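K.L.:
What follows is a single structure, and I will ask about it in a moment.
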Amino acid sequence: CTSLVAEDKAGKLYHARNLDFGLFLGWDIKNNSWMVPEYLKPLTVNLDFQRNNRTVFKSTNFAGYVGVLTGMKPGTFTLTMNERFSIDGGYIGIIEWILGKRSGVWMSFLTRSVLENATSYTQAKDQLANTEMLAPAYFILGGNQSGEGCVITRSRTACLDIWELDLKRGRWYVLETNYDHWKVPLFLDDRRTPAMKCMNLTTQAKISLESIYDILSTKPVLNKLTTYTSLMDVSAGTIESYQRNCPDPCMPW
Amino acid sequence: QFVPPYTEDCRKGMYPPTGPTFKGSVPWYKINLDSAPRKRWNQLINDKKVELTNLIQVIKDLAIDFFPSGKLIELVDKGLAPLVDTLPSPFDEELKGIADVSGVPLGEIMLFNIFYEVFTV
Chain E
78 CTSLVAEDKA GKLYHARNLD FGLFLGWDIK NNSWMVPEYL KPLTVNLDFQ RNNRTVFKST
138 NFAGYVGVLT GMKPGTFTLT MNERFSIDGG YIGIIEWILG KRSGVWMSFL TRSVLENATS
198 YTQAKDQLAN TEMLAPAYFI LGGNQSGEGC VITRSRTACL DIWELDLKRG RWYVLETNYD
258 HWKVPLFLDD RRTPAMKCMN LTTQAKISLE SIYDILSTKP VLNKLTTYTS LMDVSAGTIE
318 SYQRNCPDPC MPW
Chain P
7 QFVPPYTEDC RKGMYPPTGP TFKGSVPWYK INLDSAPRKR WNQLINDKKV ELTNLIQVIK
67 DLAIDFFPSG KLIELVDKGL APLVDTLPSP FDEELKGIAD VSGVPLGEIM LFNIFYEVFT
127 V
C-alpha cells in the first residue's frame, strides 16, 4: 500500500492511497498477475454511511468487508490504513482473543468506529494512537486545517510514533508505504523513494488530486498488487476510487 | 527500466483515469446505519454475492493446495463461525447478515473480515 496526505500552497489538504493486497496468495501464470487482487477489484465499492438520511462518513470497501481501510468524514478528517509487518503480529492477537483476552480491538473495526464516532481530527488521532489492537498497523490521518496530517505507527499495544506535517520545516506531505518511516525500507520493496521523488518533482505549488493520481500511477508505486486508487478531498467532501491494472513490465509488489 | 524494480519516470497526464492502468470505476452504495445491522448490507451483498463467492472460492482453492485434506477449511467453517458472537456490536450481526444474503458460510465471512490479522501468519 502507499498512502499520503499533502497540503497545497493554499492550505488545502489532499489524502490519497493505493490499496495493494494479495501477496503470495497464488500467482496466475496465464495472466501474469496475482490471483486474489483480480477477485478483489470487482468487489470494490464506494459506500455512503448514513444516519437520518445524512452522511456520517464515506469509504471505499470490498463488498462483504464491514471494516474500513479507506474512509472520510466529510469536512472533518480522512483516514487510510496500511499494513505494518511485525513479529509481534496479528496472529498473537488472535490467539489471545481465542483464549479469552478481549481487550484489544480488531484493526478495521477500530477504523470504522473512529469514522463513525470521532467528531474531530484530534479526537480521531487520539483514538487511533491509544486504543489497544490485535495487530500492528500504520494509520494515515488527514484533517481539514492547515498542518493536520500525520502517520501514526502502531504496535499492537502502543503508539510508536506520530509523524506530522510540518510546513515551517518544509514537510508539506507525509507518505507511508509499509515500513517505519525512520527506517530504510526493505531493498526489495522500496516504493517510498520513487513516490517521494515524484512528490518532490511535482512540488507543493502543483500538488492536486490530478497530480497525485499521476504519482500513484507511477511504477513501482503502482504494481501487480494494486487493486484500487482512492483520492480524497476532505473540504469538498469527495472520495473517488478507480480500479487499477499494472501492465507489464510491472513489479509483483 | 526494464529490470526489477521496473521504475519509470514520474507519470503525467494520467487523470482523468483512462488507458491500460485504469481497470474501471467504482459504484456507489448507501449503507443506512438506522436500519438493523443484520439488514443494512443486504442490497450491496445481493448485487455482489457472485463476486464475493468467487473470491472466497479462490482462497479456498489456495487452502486446498496447501492442505489437501480440507481440514483447514473445516477448521474455518467450524472454528471461526462461533467466534462471530465474540465480536462487538454491530459487527457480529452485520457479518451474520452478509452470510445470510451471500450464502457464504459464516466462518468464511468472518475470515474475510479478520483477514488482516490472519494474514500476518
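Quick note, the sequences are listed as chains E and P, same order. With our numbering applied, the first sequence closes on residue 330, and no number is skipped along the way. With our numbering applied, the second sequence closes on residue 127, and no number is skipped along the way. Cβ coordinates follow ideal geometry from the N, Cα and C atoms, glycine included. Here the structure is a predicted model, which is why all the values come from computation and not from measurement.
#1: Indicate whether at least one CB of chain E lies closer than 9 Å to the CB of L78(P).
#2: To which residues of the same chain is F139(E) closer than 7 Å at the C-beta, ignoring the five residues directly before and after it?
#3: Would you mind listing the alpha helix (DSSP H) stretches within the segment 165-192 of chain E that are 4+ residues and don't spill past its ends, in chain order?
#4: Nearest CA to the CA of T230(E): which residue from A212(E), G247(E), L244(E)?
#5: By Cβ distance, which residues of its chain are closer than 8 Å to A87(P), with the 5 residues on each side in sequence left out?
#6: Beta-carbon of G30(P) versus every beta-carbon of chain E: anything under 9 Å?
#7: Using beta carbons (cut-off 9 Å, strictly below), is V122(E) in contact with chain P?
#8: What residue does the beta strand (DSSP E) around N95(E) start on, and which one ends it?
#9: State yes or no: is the C-beta of V133(E) within less than 9 Å of the C-beta of E193(E)?
#10: At a CB distance below 8 Å, what residues from the segment 101-121 of chain E approach chain P? Give them in sequence order.
#11: Note the first and the last residue of the continuous alpha helix (DSSP H) segment covering A272(E).
#12: What residue from P11(P), M20(P), C16(P), T13(P) has the CA that sits closest to Y319(E)'s CA?
#13: For K45(P), return the contacting residues in chain E, with the cut-off set at a CB-CB distance below 9 Å.
#14: Could you check if P94(P) is buried or exposed, using at least 16 other CB atoms within 10 Å of its CB as the buried criterion?
#15: Over the uninterrupted alpha helix (DSSP H) stretch that includes Y116(E), give me the two end residues.
#16: From F98(E) to V107(P), what distance separates their C-alpha atoms?
#17: So what does F216(E) bridge to, in DSSP terms?
#18: Within the same chain, show all residues whose beta-carbon is closer than 7 Å to that of K102(P), passing over the 5 residues directly before and after it, in chain order.
#19: Out of curiosity, what's the CA-to-CA distance linking M328(E) and S110(E)?
#20: Examine chain P for any beta-carbon lying closer than 9 Å to the beta-carbon of C327(E), and answer yes or no.
#21: Would you kindly report the start and end of the unbroken alpha helix (DSSP H) that includes N123(E)?
#22: Measuring CB to CB, does M158(E) end up less than 9 Å from S185(E)?
#23: Taking 8 Å as the threshold, find out whether the segment 168-185 of chain E comes into contact with the segment 270-286 of chain E through three or more Cβ pairs.
#24: Going along the chain, which residues of its own chain have a beta-carbon closer than 7 Å to the beta-carbon of R248(E), five neighbours each way excluded?
#25: Ends of the beta strand (DSSP E) at E123(P)?
#26: Rounded to whole angstroms, what is the Cα-Cα separation between L278(E) and S180(E)?
#27: So, using beta-carbon positions, are L78(P) and A69(P) closer together than 9 Å?
#28: Who are the neighbours of L211(E) on chain C, taking C-beta pairs under 7 Å?
#29: Whose C-beta lies closer than 6 Å to the C-beta of K301(E) among residues of the same chain, with five residues either side of it excluded?
#30: Going along chain P in order, which residues have a C-beta closer than 7 Å to the C-beta of M309(E)?
#31: Is the beta carbon of L252(E) closer than 9 Å to that of L286(E)?
#32: Of all the options K18(P), P33(P), F72(P), K29(P), which has the alpha carbon lying nearest to the alpha carbon of G103(E)?
#33: Work out the CA separation of D203(E) and P96(P) for me, nearest whole Å.
#34: What does the alpha-carbon distance come out to for the pair Y12(P) and D40(P)?
#35: Expressed to the nearest angstrom, what Euclidean distance is found between the alpha-carbon atoms of W183(E) and A87(E)?
#36: Could you tell me if W34(P) is buried or exposed, where buried requires 16 or more neighbouring beta carbons within 10 angstroms of its beta carbon?
P.N.:
Looking at the atomic coordinates:
#1: no
#2: L117, L120, T121
#3: 167-175
#4: A212(E)
#5: P111, L112, G113, M116
#6: yes
#7: yes
#8: 90-97
#9: yes
#10: L102, G103, M112, V113, Y116, L117, K118, P119, L120, T121
#11: 269-279
#12: M20(P)
#13: Ordered by position in chain E, no residue passes the 9 Å Cβ test against K45(P), which lies about 13 Å from the chain.
#14: exposed
#15: 112-117
#16: 26 Å
#17: M158(E), I229(E)
#18: R44, V90, L112
#19: 10 Å
#20: yes
#21: That residue, N123(E), is in no alpha helix (DSSP H); its beta strand (DSSP E) goes 121-128.
#22: yes
#23: no
#24: L242
#25: No beta strand (DSSP E) contains E123(P), which is instead part of the alpha helix (DSSP H) from 121-125.
#26: 45 Å
#27: yes
#28: The structure shown contains no chain C; the protein chains it does contain are E and P.
#29: S110, W111, C323, C327, P329
#30: Simply none; closest approach about 13 Å.
#31: no
#32: F72(P)
#33: 22 Å
#34: 48 Å
#35: 37 Å
#36: exposed
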